[in-house]
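Have a look at the structure below before the remarks.
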Amino acid sequence: MQLCMAQLIPAPRLNCVENSAGNSILTWTTVPANPCGAFVGYLIYESPAIGGPYTLDTIFTDPNATSWTDIGAANNTSFYYVRDSFNCPAATYLTSDTIQNESNPKTPVIEGVDVLPDGHVQFIWDPSTSPQTRYYVIYLITANGQHLAIDTVYGRFNTSWIDSIHDPTATSLQYTVDARDSCLLNQPSAFNTSPQQSIFAQYQTAHCDKAIKLTWSQYSNLPGGVHSYEVFVSKGGGPYTEVASVDSLTFNYDFPDFADGDSLQIYIVAVSATDTNHVLHSNYMRFTANVIKPPSYIYITNITVDQTNNIDVTWLVDNKAKIRSFEVRNSEDNASYLIVNIQNVAPPVPANGYYADSAVQPQYEPYYYDVTAFDSCSGSIVAPYAESISLTATLSDYYEISLNWNPLHIFNARVLRQNLYRDLGNGTGYQLIKTFNDSTTVFYIDSVYQYLNEKGSFCYRIEAIYHISLPLANFDSIMSSYSNIACVDHRPIIYIPNALVFNGTNNFFKPRIIFGDPVGYTMQIYNRYGGRIFETHDVNEGWYGTDGGKPVQQGGYTYLIEFTASDGTKIERTGIVMLLRK
Numbered sequence: 011m012q013l014c015m016a017q018l019i020p021a022p023r024l025n026c027v028e029n030s031a032g033n034s035i036l037t038w039t040t041v042p043a044n045p046c047g048a049f050v051g052y053l054i055y056e057s058p059a060i061g062g063p064y065t066l067d068t069i070f071t072d073p074n075a076t077s078w079t080d081i082g083a084a085n086n087t088s089f090y091y092v093r094d095s096f097n098c099p100a101a102t103y104l105t106s107d108t109i110q111n112e113s114n115p116k117t118p119v120i121e122g123v124d125v126l127p128d129g130h131v132q133f134i135w136d137p138s139t140s141p142q143t144r145y146y147v148i149y150l151i152t153a154n155g156q157h158l159a160i161d162t163v164y165g166r167f168n169t170s171w172i173d174s175i176h177d178p179t180a181t182s183l184q185y186t187v188d189a190r191d192s193c194l195l196n197q198p199s200a201f202n203t204s205p206q207q208s209i210f211a212q213y214q215t216a217h218c219d220k221a222i223k224l225t226w227s228q229y230s231n232l233p234g235g236v237h238s239y240e241v242f243v244s245k246g247g248g249p250y251t252e253v254a255s256v257d258s259l260t261f262n263y264d265f266p267d268f269a270d271g272d273s274l275q276i277y278i279v280a281v282s283a284t285d286t287n288h289v290l291h292s293n294y295m296r297f298t299a300n301v302i303k304p305p306s307y308i309y310i311t312n313i314t315v316d317q318t319n320n321i322d323v324t325w326l327v328d329n330k331a332k333i334r335s336f337e338v339r340n341s342e343d344n345a346s347y348l349i350v351n352i353q354n355v356a357p358p359v360p361a362n363g364y365y366a367d368s369a370v371q372p373q374y375e376p377y378y379y380d381v382t383a384f385d386s387c388s389g390s391i392v393a394p395y396a397e398s399i400s401l402t403a404t405l406s407d408y409y410e411i412s413l414n415w416n417p418l419h420i421f422n423a424r425v426l427r428q429n430l431y432r433d434l435g436n437g438t439g440y441q442l443i444k445t446f447n448d449s450t451t452v453f454y455i456d457s458v459y460q461y462l463n464e465k466g467s468f469c470y471r472i473e474a475i476y477h478i479s480l481p482l483a484n485f486d487s488i489m490s491s492y493s494n495i496a497c498v499d500h501r502p503i504i505y506i507p508n509a510l511v512f513n514g515t516n517n518f519f520k521p522r523i524i525f526g527d528p529v530g531y532t533m534q535i536y537n538r539y540g541g542r543i544f545e546t547h548d549v550n551e552g553w554y555g556t557d558g559g560k561p562v563q564q565g566g567y568t569y570l571i572e573f574t575a576s577d578g579t580k581i582e583r584t585g586i587v588m589l590l591r592k
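Printed below as a string of structure tokens:
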């Protein structure tokens, strides 16, 4: 008795309900004998509504019976289920599926076609409302409208199918479905006449486009319609981010937020108008951006004058861009610029550029420069201008040289100090003579009195030490820039004695030339009759009051001194020198 009370009695399988000649014919599969007790019969229940109430129509006591005809029932809607009965007190009986006496199952409603990240396509539909539905047939609709049955899904509530054969990255894939029962005489449901298809997304990139052009196919026949399309992008394998949302009638978007060489993954989703949580994905586009990226920066980092008075310009550029050429311009007034150099660039693009301008005269005025970088699509970016240091030197008084210069100007550069250098022309080179710990000093007077024994040629340079910071280029450095070389040739200062004493303390006649480097020096002595009694071309040789080695008489003698100064000026001095005897 305990065994019978615990017994669970399985139900026969109700295979189908076929309608024929106005009658409904039920067929089922018998169940095996149950050890709990003797077979009593098959109990068939019927109701005009699927929700009941159900009444017992008939009982078949033959355990081998597999069909029953409900006379005239085909003219009305009826729902049936079957269970069996054994002489098993307190046993639990299961019932068969409920089946309707339809000629064919109801057509399923399609929920969507979704492309999965692995590239397969998921086709989803609602269960057929017909209880007798046993399986579904999946159709692929070809470009010419042909319906190809490609698979079968068994079970009324199995309503999802994965297509791992067809490629959603080649075209939009369109599917439909019908429902079928187990009755051979019944027809399948009509296949759904509102097929749905995958979103076919494509991209285009031209080398000169600043955006990736995305297009996609319209999603049709979604129940309730499409609310919007959303664009999702992943960079470098990172998380997907929604970058755009467009209305249901827009099927394109230009995506601008990328760099050349970015690894991109992009897909589109159609959002249901009736349930915004219901979204359907396009194929996943995976590619590397290959476009002409304009440079994001170009900066002049140094402008300096070399020792031959050429102006050297150095710049820093975004070399990840596909740069075609550089254009260097200069100006004397920072208003009217002239092109002075064009440099064509072949990959790989150097991060630093350089140009030496020899067709300038920086000793007379400062020069302004800018540099333009052109990419292969004629896009361009201009570096902020830089201004060179122009130094002038003038002899403002005896032994005093006035120096004037303009401040250095380079974008995002701050002058820390300025060094003044001087070269005496004696082979020792430039020596630091003064440091200005500011950027505002632009004038200085240099005393050269202590250098009376030098040649009188004084040359100067200014060096600006500056800190430059360019965050966009990740550049930070301490650098220096030089002015031109400015030189002053101090005019010779000539001291000429007016007398000499033969065999005395001042026993020779020779001029003293300060700041002189005489060229073509000549000194001649003449007697009172105009006769030349002495001549020398050696600036260090004096006249000792002789003529041909013999002493001359006391009296006045005429001298003529001639030479060319270092600045090219012709110097001539004449006068009378007195010869005295002790």
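Position one of the sequence shown corresponds to residue 11 (our numbering), numbered consecutively onward. Glycine is no exception: its CB is placed at the ideal position from the N, C-alpha and C atoms. These figures come from a predicted structure and were not determined experimentally.
Cβ shell of residue i (< 6 angstroms), same chain only, five flanking positions each side left out
i: I475; result: L426, R427 and S490
i: E473; result: N429, S490 and Y492
i: V338; result: V350, N351, Y365 and V381
i: I172; result: H130 and Q132
i: V549; result: P528 and Y531
i: D272; result: K245 and A299
i: I543; result: I535, N537 and D557
i: D456; result: I411
Whole-Å CB distance - residue i paired with residue j, under 8 angstroms assumed
i: Y91; j: T105; result: 5 angstroms
i: F593; j: G555; result: There is simply no residue 593 to check, as the chain begins at 11 and stops at 592 in what is shown.
i: L418; j: Y461; result: Their Cβ separation, rounded to whole angstroms, is 29 angstroms, which puts L418 and Y461 out of contact at 8 angstroms.
i: R334; j: V355; result: 6 angstroms
i: L510; j: V458; result: Rounded, the Cβ-Cβ distance is 31 angstroms, inconsistent with contact.
i: D94; j: Y145; result: The pair is not a contact, with the Cβ atoms about 25 angstroms apart (cut-off 8 angstroms).
i: E397; j: Y378; result: 5 angstroms
i: W415; j: V452; result: 5 angstroms
Where residue i falls: helix, strand or coil (DSSP)
i: L482; result: helix
i: Y440; result: coil
i: A83; result: helix
i: Y431; result: strand
i: Q564; result: coil
i: Y365; result: strand
i: Q371; result: coil
i: Y64; result: coil
i: L18; result: strand
i: Q460; result: helix
i: R538; result: coil
i: S388; result: coil
i: T251; result: strand
Pair within 9 angstroms by beta-carbon distance, residue i and residue j
i: A340; j: D367; result: Residue identity check: residue 340 is Asn in the sequence provided, not Ala. Taking 9 angstroms as the Cβ cut-off, N340 and D367 qualify as a contacting pair.
i: R88; j: S57; result: One point to set straight first is that residue 88 is Ser, not Arg, in the sequence displayed. It is a contact, given that the beta carbons lie within the stated cut-off.
i: I391; j: I308; result: yes
i: L290; j: A283; result: no
i: T546; j: T532; result: yes
i: D136; j: P118; result: yes
i: V498; j: I399; result: no
i: N319; j: N494; result: yes
i: W325; j: N287; result: no
i: S140; j: D191; result: yes
Own chain partners of residue i with C-beta closer than 7 angstroms, once the 5 adjacent residues on each side are dropped
i: T37; result: N25, C26, T76 and S77
i: Q564; result: L589, L590 and R591
i: P63; result: S57
i: S594; result: The shown model of the chain, from 11 to 592, leaves out residue 594, and the question about it has no answer.
i: A84; result: N29, G32, N33, S34 and N111
Selected residue, minimal CA-CA separation from residue i, among the options
i: Y431; options: R424, G437 and I443; result: I443
i: K245; options: F297, N74 and A280; result: F297
i: Y395; options: D343, Y52, G565 and A100; result: D343
i: P205; options: H500, P233 and L274; result: P233
i: L18; options: N97, P115, A83 and Y263; result: N97
i: E28; options: N111, A100 and V50; result: N111
i: G61; options: T108, P507, N416 and D67; result: T108
i: T215; options: A180, P266 and L183; result: P266
i: N231; options: Y185, I478 and G566; result: Y185
i: P22; options: N33, I503, P42 and I35; result: P42
i: I134; options: T260, N202, Q441 and V359; result: N202
i: F485; options: G437, N168, D328 and R166; result: D328
Beta-carbon proximity list for residue i, same chain, < 8 angstroms, skipping 5 on both sides
i: E582; result: L570, I571 and E572
i: D270; result: A299, N300, V301, I302, K303, K330, A331 and K332
i: N293; result: V125, G129, P178, T179, S208, I209, F210, A211 and Y277
i: A606; result: Residue 606 cannot be examined here, being either before or after the span of the chain that is shown, 11 to 592.
i: T579; result: R501
i: P358; result: N329
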